[in-house]
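Per full-length UniProt numbering: the sequence shown = residues 1 to 465. Beta carbons are placed, not taken as given, at the ideal position from N, Cα and C, and that holds for glycine. See structure below.
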Amino acid sequence: MEELGQKLSFDAKRAMVNELRRSFEEGKTMGYEWRVAQLKAILRMMDEREADFMAALHSDLSKPYFESFLHEISLIRASCSLFLKQLKHWMKPVKVLAAITTYPSTAHIVSEPLGVVLVISTWNYPFMLSLEPVIGAIAAGNAVVLKPSEVAPATSAMFAKVFPEYVDNSCIRVVEGAIHETTALLKQRWDKIFYTGNSRVAKSIMTAAAKNLTPVILELGGKSPVVVDPNCDLKIVAKRIVVGKWGCNNGQACVCPDYIITTKSFAPRLVDALKSTLEGFYGKDPQQSKDLSRIVNSKHFARLTRLLDEDRVSGNVVHGGQRDEKQLFIAPTIVLNAPLDSPIMTEEIFGPLLPITTVDKVEDSFSVIKSRPKPLSAYLFTKNKKLEEKFVMTISAGGILINDTTLQVANPDLPFGGVGESGFGSYHGKFSFDAFSHKKGVLSRGFGGETPARYPPYTPWKQAL
Ligand code: NAD
1 MEELGQKLSF
11 DAKRAMVNEL
21 RRSFEEGKTM
31 GYEWRVAQLK
41 AILRMMDERE
51 ADFMAALHSD
61 LSKPYFESFL
71 HEISLIRASC
81 SLFLKQLKHW
91 MKPVKVLAAI
101 TTYPSTAHIV
111 SEPLGVVLVI
121 STWNYPFMLS
131 LEPVIGAIAA
141 GNAVVLKPSE
151 VAPATSAMFA
161 KVFPEYVDNS
171 CIRVVEGAIH
181 ETTALLKQRW
191 DKIFYTGNSR
201 VAKSIMTAAA
211 KNLTPVILEL
221 GGKSPVVVDP
231 NCDLKIVAKR
241 IVVGKWGCNN
251 GQACVCPDYI
261 ITTKSFAPRL
271 VDALKSTLEG
281 FYGKDPQQSK
291 DLSRIVNSKH
301 FARLTRLLDE
311 DRVSGNVVHG
321 GQRDEKQLFI
331 APTIVLNAPL
341 DSPIMTEEIF
351 GPLLPITTVD
361 KVEDSFSVIK
371 SRPKPLSAYL
381 FTKNKKLEEK
391 FVMTISAGGI
401 LINDTTLQVA
411 NPDLPFGGVG
421 ESGFGSYHGK
431 FSFDAFSHKK
441 GVLSRGFGGE
451 TPARYPPYTP
461 WKQAL
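Here you go:
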C-alpha cells in the first residue's frame, strides 16, 4: 500500500511538473503583464489575508506579532513593491560594448527565464523565506513550485490553501510535505532548485540536482560571529546584539549572532551590559514576556538543552539557563568562555544561547573566525576605522555588517547569500531576478565588415599577420 502511495504521489508530482512545463513552454510566464499580475496578486493576498498568516506564524513559533509584521510581512511587501517598480527596467536587454574583434557588431545581454523552478523553504521565517525566492522566480518569468517547511505546519497549510486563490495555478503551485514529499519532488526535472535549510540536507539536494545538471542555490547557515572591540559605544552595542539575537525569533534566525568574541578585560562589562539590556527588554522573568518566540519544537528544544548541559559548558552560564519544556521556552542565556571545541562553539546554535569567547587583543578574533567554516554573516562593533577595514578585507563571510546585527537582510541592493559552508548563490532585489534568469549573450552582425584574413586557406601572408 505504502509503495502504491509513493508511486501515485510520484506520478502526481510528475504530472504537475509536466503541466507547469507546458504552461512555461506556451510562453504564459514570459510577458511582463503576467509577472506583474502575479506580484500584484501576492500583494492583494497580503492585504486580505495578513491576519491569517500572522496567526499561523504565531501558532508555529509563538512569534510576536510585531516581529512577524516587521521581519516577514513588511519585507515581502517591500519586495513586491520594489519588483513592481523596477521589473520593466530589469527585463530590458542590456547593451554592452562591441568588441573590436567582432567589428562591426552590436552586443547585448538578454535575461531569459530558466523554466520550471523548485523552491524548498524552511521553518524559521516560513512566510518571508518562502515568498522572497518565489517572487524572484515569478518576476524572472518562471513557473514555480513552492515546498514550504513541514516544521512550520500552520504557515505551510496557509500557503497550500490561500496561495492558489490568488496566483495562476497553471504556472505556480504549492506542495506541502516532509522528507518523503521533498524526495519525490527532487526526482523531477527542474531548471533550478532554490533551497534554504541546513547543510546536511543541502548535500542531498545537490546530489539529486546533479542527475539532471540542475543548478542550485543553497541558502544555509553556520556560526555568525560578533566581534566587540572595547573601543565602542557599549550601550548601543548591547541593544543591537540583544535585538539581533533574541529579537529575531529568539535566536532562531540564520543571521543571528551565534557567538561573541571580545577581549578578556572587556568581557565582564559586555556581559553586564547585555544582562541589563535583556532585563530592560524582556523583564526580570523573560518567560512572562510576550516579545520572545518559543523554540519551534521539542526536537530543537532537546538539541539546545544538549548544547547547554554539556559538562564543560553548564558551569559557565553567566545569565539565564532556565527552561520549560512544556512551553518550549528557553530563557535568553549567556555562556562565558565555553571551550572552543565544545558543541556550543562548533555547532550552529540557532536558538537563545549566546556564548562569549575571549581573546587577549581584539585582533586575535580574526584567527578564531578564520579557523572555522565561513559564516553566513560576520559582525564587528568598533569605532576604529582601521580595524573595520581589516575586518572587511580579511574575514570571508556571506555578508558583513559593521556596528549592528542582522540589518543587512533589509537592504535589497545587497546580495544575500553564503560562501563556503554557508551556501552559494545569492538573492534579494535585483539579485533575485538574476538568480532565476539565464543571462543570454547575444551578438549581432550585419553582412558588411568582411575580413578575408579569418577564412582558410591560411596562406603564408595570413600566418604572418
Ligand atoms: P527544515 O527542517 O525546515 O528543512 C528545510 C527544508 O528541507 C524543508 O522544506 C524540509 O522539508 C526539507 N528537508 C528536510 N530534510 C530533508 C531531506 N532529508 N531530504 C529532502 N528535503 C528535506 O529547516 P532546517 O534545515 O532545520 O533549517 C535550519 C537551517 O537553515 C539552519 O542551518 C539555518 O541557518 C538555515 N537557514 C538559512 C537561511 C538563509 O537564508 N541562509 C535562512 C533560514 C535558515
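How far does the alpha helix (DSSP H) with residue i in it reach, from first residue to last?
{"i": "residue 15", "result": "2-25"}
{"i": "residue 441", "result": "Residue 441 -> not in any alpha helix (DSSP H); beta strand (DSSP E) instead, spanning 437-444."}
{"i": "residue 368", "result": "365-370"}
{"i": "residue 88", "result": "74-91"}
{"i": "residue 159", "result": "153-166"}
{"i": "residue 58", "result": "32-61"}
{"i": "residue 282", "result": "267-282"}
{"i": "residue 138", "result": "128-139"}
{"i": "residue 234", "result": "234-245"}
Could you spell out the range, first to last residue, of the beta strand (DSSP E) harbouring residue i?
{"i": "residue 107", "result": "106-113"}
{"i": "residue 225", "result": "225-228"}
{"i": "residue 300", "result": "Element bounds for residue 300: not the beta strand (DSSP E) but the alpha helix (DSSP H), 298-309."}
{"i": "residue 399", "result": "399-402"}
{"i": "residue 391", "result": "Premise fails: residue 391 lies in the alpha helix (DSSP H), 385-394, not in any beta strand (DSSP E)."}
{"i": "residue 326", "result": "No beta strand (DSSP E) contains residue 326, which DSSP labels as neither H nor E."}
{"i": "residue 259", "result": "259-263"}
{"i": "residue 120", "result": "116-120"}
{"i": "residue 194", "result": "192-196"}
{"i": "residue 189", "result": "Where residue 189 is concerned, there is no enclosing beta strand (DSSP E), given that its DSSP letter is neither H nor E."}
{"i": "residue 335", "result": "333-336"}
{"i": "residue 28", "result": "That residue, residue 28, is in no beta strand (DSSP E); it is neither H nor E in DSSP."}
{"i": "residue 96", "result": "94-96"}
{"i": "residue 174", "result": "172-174"}
What would DSSP say about residue i, mapped onto helix, strand or coil?
{"i": "residue 468", "result": "Because residue 468 is not part of the residues shown, which for the chain are 1 to 465, the question remains open."}
{"i": "residue 218", "result": "strand"}
{"i": "residue 180", "result": "helix"}
{"i": "residue 208", "result": "helix"}
{"i": "residue 148", "result": "coil"}
{"i": "residue 454", "result": "helix"}
{"i": "residue 463", "result": "helix"}
{"i": "residue 428", "result": "coil"}
{"i": "residue 350", "result": "coil"}
{"i": "residue 413", "result": "coil"}
{"i": "residue 448", "result": "coil"}
{"i": "residue 317", "result": "strand"}
{"i": "residue 344", "result": "helix"}
{"i": "residue 466", "result": "This structure leaves residue 466 out entirely; the chain is present only between 1 and 465."}
{"i": "residue 202", "result": "helix"}
{"i": "residue 423", "result": "strand"}
{"i": "residue 101", "result": "helix"}
{"i": "residue 255", "result": "coil"}
Is the beta carbon of residue i less than 7 Å from the beta carbon of residue j?
{"i": "residue 138", "j": "residue 35", "result": "yes"}
{"i": "residue 230", "j": "residue 277", "result": "no"}
{"i": "residue 478", "j": "residue 105", "result": "Outside the shown range of the chain, which is 1 to 465, sits residue 478, and nothing can be said about it."}
{"i": "residue 376", "j": "residue 418", "result": "yes"}
{"i": "residue 161", "j": "residue 120", "result": "no"}
{"i": "residue 152", "j": "residue 123", "result": "yes"}
{"i": "residue 23", "j": "residue 143", "result": "yes"}
{"i": "residue 73", "j": "residue 50", "result": "yes"}
{"i": "residue 196", "j": "residue 129", "result": "yes"}
{"i": "residue 228", "j": "residue 237", "result": "yes"}
{"i": "residue 348", "j": "residue 221", "result": "yes"}
{"i": "residue 155", "j": "residue 56", "result": "yes"}
{"i": "residue 328", "j": "residue 350", "result": "no"}
{"i": "residue 193", "j": "residue 439", "result": "no"}
{"i": "residue 249", "j": "residue 293", "result": "yes"}
{"i": "residue 343", "j": "residue 310", "result": "yes"}
{"i": "residue 39", "j": "residue 84", "result": "yes"}
{"i": "residue 145", "j": "residue 159", "result": "no"}
{"i": "residue 420", "j": "residue 374", "result": "yes"}
{"i": "residue 388", "j": "residue 402", "result": "yes"}
{"i": "residue 186", "j": "residue 423", "result": "no"}
{"i": "residue 240", "j": "residue 394", "result": "no"}
Could you confirm whether any beta carbon from chain D is found closer than 7 Å to the beta carbon of residue i?
{"i": "residue 395", "result": "Given the protein chain composition of this structure (a single chain), no chain D is represented."}
Inter-stretch contact at 8 Å, needing at least 3 Cβ pairs: the stretch 15-28 / the stretch 152-170 | yes
Is the stretch 427-442 in contact with the stretch 133-153, if contact means three or more CB pairs nearer than 8 Å?
-> yes
Within the chosen definition, does the stretch 297-309 reach the stretch 261-275 through at least 3 CB pairs nearer than 8 Å?
-> Contact between the stretch 297-309 and the stretch 261-275 is absent, because fewer than three Cβ pairs lie under 8 Å.
The stretch 368-375 touching the stretch 279-299, judged by at least three CB pairs closer than 8 Å = A contact between stretches requires three or more CB pairs, one per stretch, nearer than 8 Å, and the stretch 368-375 fails this requirement with the stretch 279-299.
Inter-stretch contact at 8 Å, needing at least 3 Cβ pairs: the stretch 207-214 / the stretch 250-259 | no
Could you tell me whether the stretch 285-294 touches the stretch 381-394, where touching means 3 or more Cβ pairs closer than 8 Å?
-> no
Stretch pair the stretch 354-364 + the stretch 334-346: three plus CB contacts closer than 8 Å | Judged by Cβ distances under 8 Å, the stretch 354-364 makes contact with the stretch 334-346, as three or more pairs qualify.
Cβ pair count under 8 Å reaching 3, the stretch 82-101 against the stretch 59-66 | Three or more Cβ pairs closer than 8 Å define a contact, and the stretch 82-101 falls short of that threshold against the stretch 59-66.
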